[in-house]
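Visitor:
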Amino acid sequence: MSLLHFAVLLPFLYTVFVPLFFKKVPRIHTGWFVLAVPLLLFVCFASYFPIRSGAAPVIHSVPWIPSLGIRFDLHLDGLSMMFALIISGIGFLVILYSIYYMSKEREALHHFYIYLLVFMGAMLGIVLSDNLIVLYVFWEATSVSSFLLIAYWYQRKRSRYGAQKALLITVTGGFAMLLGFLMLGSAAGTFSIRELIGMRDAIAADSLFIPAMLLVLLGAFTKSAQFPFHIWLPDAMEAPTPISSYLHSATMVKAGVYLVARMTPIFGGTMSWFWIITVVGIVTLFWGAFMAIRQFDLKALLAYSTISQLGLIMSLFGIGSLSLHTNYEAQAALFSGAILAAVFHLFNHSIFKGSLFMVVGILDHETGTRDIRKLGGLLSLMPVSFTLTVIGGLSMAGLPPFSGFLSKEMFFTGVLTAYRHIDQWVVLLPIVAWLASVFTFVYCLVFVFKTFTGTYRPERLDKKPHEAPVGMLLSPIVLATLVLVFFFFPNLLSYTLLEPAMRSVLPNLLEPGEVFEVSIKAWHGFNAELFMTAGIVVVGTLLYKTYKKWSEIYYNLPRKFDFSHLYDQGLSGAERLSARMTSSYMNGSLHSYLSYIFTFLIIVVGGSFVLQQALAIDLATNAAIELYEYVLAASIAASAGFVLFVNSRLTSIIAVGAVGYLVSLLFVIFRAPDLALTQLVVETITTALFLLCFYFLPKLKTERVRIRVKISNLLISVGVGTIFTLIGISAQSTNPFKPISSFFLNSYELSGARNMVNAILVDFRAFDTMLESVVLFLAGIGVYTLIHLRKSRRDKR
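In the UniProt record's numbering, the protein residues as written are 1 to 797.
#1: Fully enclosed by the stretch 379-429, which alpha helix (DSSP H) runs are 4 residues long or longer?
#2: Would DSSP call Arg576 helix, strand or coil?
#3: Tell me, please, whether the stretch 711-722 touches the stretch 676-696 by the rule of three or more beta-carbon pairs shorter than 8 Å.
#4: Give me whichever residues DSSP pairs with Leu74 in a beta bridge.
#5: Given a threshold of 16 other Cβ atoms within 10 Å of its Cβ, counted over all protein chains shown, does Gly404 qualify as buried or as exposed?
#6: How would you write the range of the alpha helix (DSSP H) that Ala204 sits in, first residue to last?
#7: Would you call the stretch 613-633 in contact with the stretch 651-659, where contact means no fewer than 3 C-beta pairs closer than 8 Å?
#8: Should Tyr101 and Gly361 be called a contact, given that it needs their Cβ atoms to be closer than 8 Å?
#9: Put Asp235 into one of helix, strand or coil per three-state DSSP.
#10: Along the chain, where does the alpha helix (DSSP H) that runs through His466 open and close?
#11: Contact between the stretch 433-442 and the stretch 348-357: three or more CB pairs below 8 Å?
#12: Could you name each continuous alpha helix (DSSP H) segment of 4 residues or more that falls completely within the UniProt domain "MrpA C-terminal/MbhE" (712-788), going from the start of the chain to the end?
#13: Tell me the DSSP secondary structure of Ile193 in three-state form.
#14: Could you check which residue in Phe72, Ala56, Ala330 and Ser47 has the C-alpha nearest to that of Pro512?
#15: Would you kindly report the start and end of the unbroken alpha helix (DSSP H) that includes Ser300?
#16: Just verifying my parser: in three-state terms, what is the DSSP assignment at Asp674?
#17: Starting from Phe609, follow the alpha helix (DSSP H) in both directions and report where the run begins and ends.
#18: Which residue or residues does DSSP assign as beta-bridge partners of Asp371?
#19: Can you have a look at Thr413 and say buried or exposed, based on whether 16 or more other CB atoms are within 10 angstroms of its CB?
#20: Relative to the alpha-carbon of residue 798, which residue among Ala7, Val94, Ala289 and Leu39 has its alpha-carbon at the smallest distance?
#21: To which residues of the same chain is Phe152 closer than 8 Å at the C-beta, ignoring the five residues directly before and after it?
#22: Only counting runs of 4 or more residues, tell me where the alpha helix (DSSP H) segments fall wholly within the UniProt domain "MrpA C-terminal/MbhD" (636-699), in order along the chain.
#23: For Ile707, which three-state DSSP category applies?
#24: If we ignore side chains and look at the alpha-carbon of each, how far apart do Ile99 and Gly471 end up?
#25: If you draw a straight line from the C-alpha of Leu680 to the C-alpha of Ser717, how long is it?
#26: Beta-carbon within less than 6 Å of Phe191's beta-carbon, same chain only, minus the 5 sequence neighbours each way: which residues are those?
#27: For the stretch 376-389 against the stretch 448-461, do three or more pairs of beta-carbon atoms, one drawn from each stretch, fall closer than 8 Å, so that the two count as touching?
#28: Give the secondary structure of Ile65 by DSSP, where H, G and I count as helix, E and B as strand, and everything else as coil.
#29: According to DSSP, is Thr15 helix, strand or coil?
#30: Evaluate contact between the stretch 246-258 and the stretch 219-238, counting only Cβ atoms and requiring at least three cross-stretch pairs below 8 Å.
#31: Got a sec? Which residues, its chain only, sit under 7 Å from Glu666 by beta carbon, not counting five neighbours each side?
#32: Helix, strand or coil for Lys545? Go by DSSP, reduced to three states.
#33: What first and last residue would you give for the alpha helix (DSSP H) that runs through Ser159?
#34: Does DSSP put residue 845 in a helix, in a strand, or in coil?
#35: Pairs of beta-carbons, one from the stretch 210-223 and one from the stretch 82-92, closer than 8 Å: are there three or more?
#36: Work out the CA separation of Leu771 and Asn735 for me, nearest whole Å.
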């Protein structure tokens, strides 16, 4: 197993030791024990960091289910390297932050860190997997672990609601994505992403290309909270703030973005891919920014800002995919700039949004509230937190001297490039992008100034505010410092992180040995992008100052068209419908349940006989039936039929026993005396037990049964009997395989047993016989326990 495989599995393996540390060393915060995992992972991936321009990706393969074409293949290229460093690096800072945020006296920290480690390992599995099925397994593992993390404070109704909502939406998208993966595998004959990229032209000609693309995008959009699937992300903010900082700003929500980037070499170059991703992304960008302004909860504001920023990144990947389109070969270099902007802003968003979430956690931890209406005037009390908020907030707003300004300018360049080279409705892209950026600027001002400036109102706060301890400030300080460093030295990342990631998204544009030219700088002269930024500042400031005059627009939005409201209505409607359907057939009647089972059996098995033409009746090889055998069979049938028409339990038991004794005679006739003896013993014991039990039951009461019920019973019983008779005859008449009886004829040589039946039971089926004995033993223990408990209750009375 390679180092990459060990890196992916390390978080899962480490979860075994977390509960032991939590219980054996209660005085030390469990986070210190867990902190070693992301640190080791970061060092591990940093050791591969020379994946520079022109270097081949690192590939390791381990067989898993080779018969189905599924291998545990991992590959590390520029794109997966960027994500792996974000997952491990920010994971380290989040766990360090959580040590001071999560109380070791009041919290079940072993649960918290187990869920977090599982999520970390699953995210690494997603970004490193080369096999689509393996990627899907890790994909759903992130959904399950994020469900557990969001519902960590399960005592709260909102936490349970948010976790359920996130799970239902993301898992539904995951199932759609799996179906798309299966279509890709069917079209190409492989699940390897590298091989699929090499077969792009053949896949594009397949009829499954468009359906597979739509299903894969559905999975990506649900995971990355794209419109209209964005509704789960704000409710997921009920998780502890370290979880929000990690899952919903830096890692999980970026899984969908990663999937789009990874699938671009396969689906990119088609106008369908461009239009769907770009339109969904730009609508998400606008709607998230527009809705963020109306939020009073700081985490909810950041949730909608995350939705908006993810839409921005998604739209850039859509625009950049046109560099693969044959109609835009001359402009390929221009469109590829959008991919560079996407990966750069993806990195920037991870660092400034992670810092902002941590600051919100500090505010909540030190003031007891996240409500903007209660905050204000904290500048002098929490100056370090204010500084961090300014750096992160203004970077998100796209202002210098912060790294967000650089990627935001590159975003404007991307939408303007699309406007200049594509006809139709693309003219709306820069307009909507600019409007969304105006709203982004407004909510960033709200976040910074409504929280820290204005009037200080201590009576509205649950705690007396003060600056957070150094340990809690350390992680956001590191992230904020990176925001500044990468503004002044952006090209530190150019050919070490950004160009390799860009090359992974657009591998078909380069000849062997070629690299993309990456040069990021803050000043490009007086161009359209700069004027758009200036307009954003002017208009955004005006809207911020006049917010009270135009904020009424939010209260005029129709509630019935709100997507969260539609989700709630749909879920409650589905629950009512399922309850009504269930109550229609789950009526508490054993007769009804047996009728359902036997009717289903008749339909499925009988239908299979007809559709598969499996009915085969060949009596040529059968032995002649003697007269006494006819008499014996008729006697068995008569005894069984007699049970149906008697009103006495004693008579019915005797009739059932007669059936058993007559069957034992059949065994004697067919020269199986041991089976006949076994049948006689079992039949005698069960008949005696039936008589003993039924002696204590009340007398049978004759009930009137409707003729319709009698007819249905007759039809079902005749149908089941006919089906099993046909199965027996067909099985006897068909010999598709060589019989195994010849093998068991050698039982003496193989096991030293002279009795073939005993050899089969004791030697060849030893485990089966042993497990049957265990089941009987457990059943006996259960019966004894129930009798003993009943007796002890009676004695207590």
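We treat Cβ as the ideally placed atom computed from N, Cα and C, and that holds for glycine.
Everything numeric in this text was worked out from a predicted model, so none of it was measured.
Guide: Per the coordinate set shown:
#1: Restricted to the stretch 379-429, the alpha helix (DSSP H) segments that are unbroken, complete and at least 4 residues in length are 383-397 and 403-421, listed in chain order.
#2: If you number the sequence shown from 1, residue 576 lands on position 576. Taken through DSSP and simplified to helix, strand or coil, Arg576 comes out as helix.
#3: In this structure the stretch 711-722 does not touch the stretch 676-696; the number of beta carbon pairs closer than 8 Å is below three.
#4: Your numbering for residue 74 matches position 74 in the sequence shown. Answer is His60 and Ser129, bridged to Leu74.
#5: The residue labelled residue 404 in the question sits at position 404 within the sequence shown. Buried, since its Cβ has 16 or more Cβ neighbours within 10 Å.
#6: In the sequence shown, counting from the first residue as 1, residue 204 sits at position 204. Taken as a continuous stretch (DSSP letters only), the alpha helix (DSSP H) holding Ala204 covers Arg200 to Ala204.
#7: Using a C-beta cut-off of 8 Å, the stretch 613-633 makes no contact with the stretch 651-659, since fewer than three inter-stretch Cβ pairs fall below that distance.
#8: Counting from one through the sequence shown, the residue named residue 101 turns up at place 101. Counting from one through the sequence shown, the residue named residue 361 turns up at place 361. It is a contact, given that the beta carbons lie within the stated cut-off.
#9: On the sequence shown, position 235 is the one that residue 235 refers to. Helix at Asp235.
#10: Along the sequence shown, one-based indexing puts residue 466 at 466. Here His466 belongs to no alpha helix (DSSP H), and DSSP marks it neither H nor E.
#11: Because the criterion of three Cβ pairs below 8 Å is not met, the stretch 433-442 and the stretch 348-357 do not touch.
#12: Complete alpha helix (DSSP H) runs here, min 4: 741-744, 747-751 and 756-759.
#13: As a first step, residue 193 is located in the sequence shown; it is residue number 193 there, counting from the start. Ile193 falls in the helix class under three-state DSSP.
#14: In the sequence shown, the residue the question calls residue 512 occupies position 512. With distances taken between Cα atoms, Pro512 lies closest to Ala56.
#15: Taking the sequence shown and counting its residues from 1, the one referred to as residue 300 is at position 300. A quick correction: the sequence has Ala, not Ser, at residue 300. First-last of the alpha helix (DSSP H) with Ala300: Leu298 to Gly320.
#16: For this step, residue 674 is matched to residue 674 along the sequence shown. If DSSP states are grouped into helix, strand and coil, Asp674 belongs with the helices.
#17: Working through the sequence shown from its first residue, we reach residue 609 at position 609. Start and end: Leu590 to Leu611.
#18: The residue given as residue 371 occupies position 371 in the sequence shown. Under DSSP, Asp371 forms a beta bridge with Asp297.
#19: Your numbering for residue 413 matches position 413 in the sequence shown. By the neighbour-count criterion, in which 16 or more other beta carbons inside 10 Å mark a residue as buried, Thr413 falls on the buried side.
#20: Outside the modelled stretch of the chain, which goes from 1 to 797, sits residue 798, for which no answer is possible.
#21: Within the sequence shown, numbered from 1, the residue matching residue 152 stands at position 152. Per the sequence shown, residue 152 should be read as Tyr rather than Phe. Here the set comprises His111, Phe112, Tyr115, Ser159, Ala239, Pro240 and Ile243.
#22: Whole alpha helix (DSSP H) segments, 4+ residues: 649-669 and 673-694.
#23: Position 707 of the sequence shown holds residue 707. DSSP places Ile707 in helix when its eight states are reduced to three.
#24: Against the sequence shown, residue 99 aligns to sequence position 99. Against the sequence shown, residue 471 aligns to sequence position 471. The alpha-carbon atoms of Ile99 and Gly471 are separated by roughly 8 Å.
#25: Counted from its first residue, the sequence shown places residue 680 at position 680. Counted from its first residue, the sequence shown places residue 717 at position 717. Cα-Cα distance, rounded: 27 Å.
#26: Against the sequence shown, residue 191 aligns to sequence position 191. Excluding sequence neighbours, Phe191 sits near Gly69, Asn131, Leu132, Ile133 and Gly185.
#27: The stretch 376-389 makes contact with the stretch 448-461, as at least three CB pairs between them are under 8 Å.
#28: On the sequence shown, position 65 is the one that residue 65 refers to. Note: Ile65 maps to strand in three-state DSSP.
#29: Reading the sequence shown from its first residue, position 15 is the one you call residue 15. Three-state result, Thr15: coil.
#30: Judged by pairs of C-beta atoms under 8 Å, the stretch 246-258 touches the stretch 219-238, as three or more such pairs exist.
#31: Against the sequence shown, residue 666 aligns to sequence position 666. Per the sequence presented here, residue 666 reads as Leu, with Glu not at that position. The answer, listed in chain order, is Leu632.
#32: What you label residue 545 is simply residue 545 of the sequence shown in a count that begins at 1. Here Lys545 sits in helix by DSSP.
#33: Taking the first residue of the sequence shown as position 1, residue 159 is located at position 159. Looking at the DSSP string, the run of the alpha helix (DSSP H) that includes Ser159 is Lys157 to Ala188.
#34: A question about residue 845 goes unanswered here, because the residues of the chain that appear run from 1 up to 797.
#35: Touching, no, given that fewer than three Cβ pairs across the two stretches are closer than 8 Å.
#36: Counting from 1 along the sequence shown, the entry for residue 735 is found at position 735. Counting from 1 along the sequence shown, the entry for residue 771 is found at position 771. Across the structure, Asn735 and Leu771 are spaced so that their CA atoms are roughly 30 Å apart.
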